[in-house]
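The sequence shown begins at 15 in the numbering used here and counts up one residue at a time. Here a beta-carbon is modelled for each residue, glycine too, at the ideal position from N, C-alpha and C. From a predicted model like this one, the values you see are computed outputs, not experimental measurements. Written below as structure tokens is the structure these notes are about.
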Amino acid sequence: MDRLFERGRELDELDAHFARSTAGEGRLVVVEGPAGIGKSRLLAEIRRRAEGSMRVLSARGSGLEGEFAFGVVRQLFEAELTAPGRREELLTGAASAASAVFGEPGSSTDGAGATFASLHGLYWLVLNLAEDAPLLLAVDDLHWCDRPSLLFLAYLARRLENQPILLLMGLRDAEPGTDPALLGEITHDPAAISIRPRPLSAAGVAEFIEERLGVAPDGEFLSACHESTGGNPLLLSQLVMALRSEGVRPDAEHVGRVTAIGPRAVSRTVLLRLARLPTDARAVAQAVAVLGDGAGIFAVAEFADIEEGRVADATRGLAHADILRPELPLSFVHPLVRDAIYHELSPGERELHHARAAALLRDSGAPAEQVAAQLLHTSARGERWAAELLREAGRDAMNAGAADSAVAYLRRALDDTPADRNRGQLLLELGAVEMFTSGPAAAKHLALAYEELPDPASRAAAAGLLGRALLFLGSAEEARAIARRAATELPDELDDLRMSLEAFEFMTIIFRAGDPRQLSRLRAYRRLPGEGPGAHMLAAMAAWEAVCTDGTAAECAVLALAALAGDHLRSADSALVLFAAIVTLVVTDRSEVTEVWQPVIAETHRRGSLFSAAAIHLWYGFSNLWRGDLAAAEESLRAAESQFLLWGHADSSVVICRTFLIEVLHERGRSDASRLLARLGTIDPGQSTTGWWLGTRVGLLTAAGRAGEAAAAADELAAHCEAIPDSARLWWRSMKAEALDRLGRRAEAIELARQELEVTRAFGAPGSLGRTLRVLGTLERDEGRLWEAVSVLEGSFARLEHAKALAALGAMLRRAKKPTAAREPLRRALEMAGACGAERLAERVRSELHACGARPRRDALSGVQSLTPGERRVVDLAAAGRTNRDIAQELYVTPGTVEVHLSNAYRKLGIRSRSELERVLTTAIGSLNS
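Next comes the structure, spelled out in structure tokens:
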């Protein structure tokens, strides 16, 4: 390997990151710069240095294979997986979900829902590889990486902490790439370390020329070379190679020759060197350029119509001419070299070559996606075999969780399917896949499918997907109209399918379509559902409508639990109507919600799409916020935010995710209210989540001392509840009351809170009732109200609200000059606030305890009761003998999260190792049961 010039600084920096990675401090390093600056050479040098101390896996993006699903991922891992016994060893546990990526028989997921499961499975494959040796994953030409692989690399990049993994990537500047937004997600990650090799100095250029030509250049010649190449090592190398082949001396007399070759040295010199080789070499080089890096000798021989032995001879000559790499598989020494040969072909020649390659690959039994990658570079000819093969490739891509690749194949299949054939089913397939990549495109093709499909059931399926696409695009009225139209076309024997469309129509009303009074029709479904997904969807919507209008918590919870029974709801609508039932259980304070979440999350990790995973993490985060497990809420909401951003088409979802996250950060004391308000953003007033957003805004404005604005925002919230049923009916009055009290309008505040007390008593959920009692008791200076709030919340799902009630009671007792009586509720409030991770509340309670004459320790938490629910789950599994990796896989978190939970738990329990856990838990069993 040629030596490197002027790369000592970059190598020292890379060596440092290499050392930190092997020590268990994961690193994400991106080597960036223009083409030819030496990125690939640096990556190769680090791979060479790492060989003795790390497992080294590498891959390279290719402009030809940008749509080849998980192409880069397969390059990285397939060699490791083909070793005897390794596939079974590595694709085990949570990693088994990645089997579909590598074409494991019988391992396909649920088609359009595969993406998240594949990403999570690949993440665990990486951890399995890193378990017995530090791991270097090197990906060159990241800009040409296929989008599914980019999604995985972005997913992995956020999870390197405390892992012996170095993720090293090479990225070309000014190259838009396969997906600029995703590339930005990776390169702009806060943990990403950028290394930018600099052009060679004049001294470096002189040293390079002298080594290659054997003579030191004179000043004028050197200046010409430096100016012509800009110090770019590849351009300089090609220039010097051309000069050497022509016998040019590096002196002033030959400056004109440097200028003549100029900055286009790569294409000129490559083609010149190729022209000097035998005819077979040109045919072989063109074959590799068309077939792509990694083409085998036999495929090249068949494509070039040359005997295999002659192909081998030609590759030897091409390697000697520095065009192909000297080792297998066949590949060019640099993408610019491949470009020079590929673009020497005319557009027509390139298309004919790709068509020939596709036919040869098909006849040789190559995988459908490999053939499809060639077809994408040709014009449609209306050939049935091409359309069928592209559809097969699309299905294979979806089974591997690569929606973007599937879209490319299916769109091209549509071009190869004449309009006079029945294209409805293909349009439905394409639209269903586009739901995961582009809402507008999905809506367009699903609308066409709806019109072209002949049977009512298929039309209803298209309508259901089309309605959701339109809804997420903000066209709720259109979504409602298509659902209603499709429902009226269905025959009586498809009644359950009609009910599913009707349930979706009700959801569009919550998104401000049609007349909100139509939601009253859901009262007819406030009964236990019959069999079938449609009946369960209607029951879920009826439960939520009851929460938002006049139902009691008990009635709503019974209906929601019935809707969730079996797998009907989860399988029919895992990203929309499902949450109507689950959030009903949260708002009604039912402990069963914890049991409901676990199979939902597990199924998402096994088979879920990126969008459904993001939606589930969003509402799971909300659920943890409501119950007061703020650490778990933050973790889940941050995961949801990153997943929505990766998915790329969910602006309103990102806003509501950040809304909940900001509320969590406020409760955790992470930032003051004014700064959080600035981060809150805005939301379309027609969204179903507007009530949550306004509620968070009211609370932050009040905390920031902007009571007038808070009262006005509370009025907006009231108007929202008036316009459309919303669960905020249960708490908007007490929120406004707190703002009015800050404005000195205490009488109005008390009256509002008393009105709310009637509402929440009738509803009967401890969390809502306890909150109202706390606010009203504080406003009225009524100790009895606060004792009732504490009593109502005792044992409630809403632990944070319970802590707040205890804090309010203790503060009132302290102000009533009853310091001794105040200490007990304040101490309990402090313990509960600590268990919730509510540092803002804990700091306020500490101040109250000091005012009572108590001296609480900064960390007043101890014992099993002080563990958060997340910590408790980890502790129970650790005590049962599970390893950190086992626990991480079972709970669908990273090993680093398990380590943090255990560290916190050891501190709270006063122990130093997991061997002591069983003793501590056994001792506390009586208390835990109570």
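Setting aside the 5 residues that flank it on each side, Thr937 has no residue in the same chain whose C-beta is closer than 6 Å to its C-beta. Residue pairing from DSSP places Ser208 in a beta bridge opposite Val44. Under the three-state reduction of DSSP output, Met449 falls in the coil class, being neither helix nor strand. Just measuring C-alpha positions, the residue of Glu752, Gly758, Ala776 sitting nearest Arg788 is Glu752. According to the DSSP assignment, Ser72 belongs to the beta strand (DSSP E) that extends over 69 to 74.
The residue among Ala422, Val87, Ala560 with its C-alpha nearest the C-alpha of Val572 is Ala560. Under the three-state reduction of DSSP, Gly709 is assigned to helix.
Apart from the 5 residues on each side of it in sequence, Arg324 sits with its Cβ closer than 6 Å to the Cβ of Asp294 in its chain, given in chain order. By DSSP's assignment, Ile179 forms a beta bridge with Leu149. Within the same chain, Arg828 come within 7 Å of Ala865 by CB-CB distance, once the 5 residues on both sides are set aside. For Leu390, the closest C-alpha among the options Gly719, Gly415, Ala417, Leu424 is that of Leu424. Residue Ile51 holds the alpha-carbon nearest to the alpha-carbon of Arg21 among Leu844, Ile51, Arg41. Excluding five sequence positions before and after Ala687, the CB atoms of its chain that fall closer than 6 Å to its own CB belong to Leu714, Ala717, Ala718, given in chain order. Per DSSP, reduced to three states, the secondary structure at Asp529 is coil, with no helix or strand assignment. In this structure, Ile697 keeps its C-beta atom at 8 Å or more from the C-beta atom of Ile738. Arg186 sits in a strand when the DSSP states are folded into three classes. Counting along the chain, Cys570 sits inside the alpha helix (DSSP H) bounded by residues 567 to 578. Each residue's CA atom was taken as its position, placing Phe636 and Asp509 some 34 Å apart.
Between Val45 and Leu57, the C-beta spacing is below 8 Å. C-alpha of Tyr464 to C-alpha of Ala455: approximately 14 Å in a straight line. Counting C-beta pairs closer than 8 Å gives three or more between the stretch 547 to 560 and the stretch 517 to 528, which meets the contact rule. Judged by DSSP in its simplified three-state form, Leu390 adopts coil rather than helix or strand. Assignment of Asp160 by DSSP, reduced to helix, strand and coil, places it in the coil class. Here the alpha carbon of Ser208 sits roughly 8 Å from the alpha carbon of Thr201.
Taking one beta carbon from each stretch, the stretch 97 to 108 and the stretch 71 to 87 have fewer than 3 pairs nearer than 8 Å; the two do not touch. Counting along the chain, Gly867 sits inside no alpha helix (DSSP H), nor does DSSP assign it H or E at all. Within the stretch 288 to 355, the alpha helix (DSSP H) runs of at least 4 residues that lie entirely inside it are, in chain order, 293 to 305, 311 to 318, 322 to 334.
Put simply, the backbone Cα of Leu660 is about 48 Å away from that of Glu838.
DSSP, reduced to helix, strand and coil, places Asp410 within a helical segment of the structure shown.
With fewer than 16 neighbouring CB atoms inside 10 Å of its own CB, Arg541 falls in the exposed class. Ranked by Cα distance from Val115, the first of Leu288, Arg88, Arg759, Asn436 is Arg88. Pro543 is classed as buried because its beta carbon has at least 16 other beta carbons within 10 Å across all chains shown.
For Asp154, the secondary structure class from DSSP, reduced to helix, strand or coil, is strand. With contacts defined by Cβ atoms closer than 8 Å, Ala333 and Ala318 do not form a contacting pair. Around the beta carbon of Pro349, a 10 Å sphere encloses 16 or more other beta carbons of the protein chains shown; the residue is thus reported as buried. Within the stretch 709 to 793, the alpha helix (DSSP H) runs of at least 4 residues that lie entirely inside it are, in chain order, 721 to 737, 746 to 756, 760 to 777.
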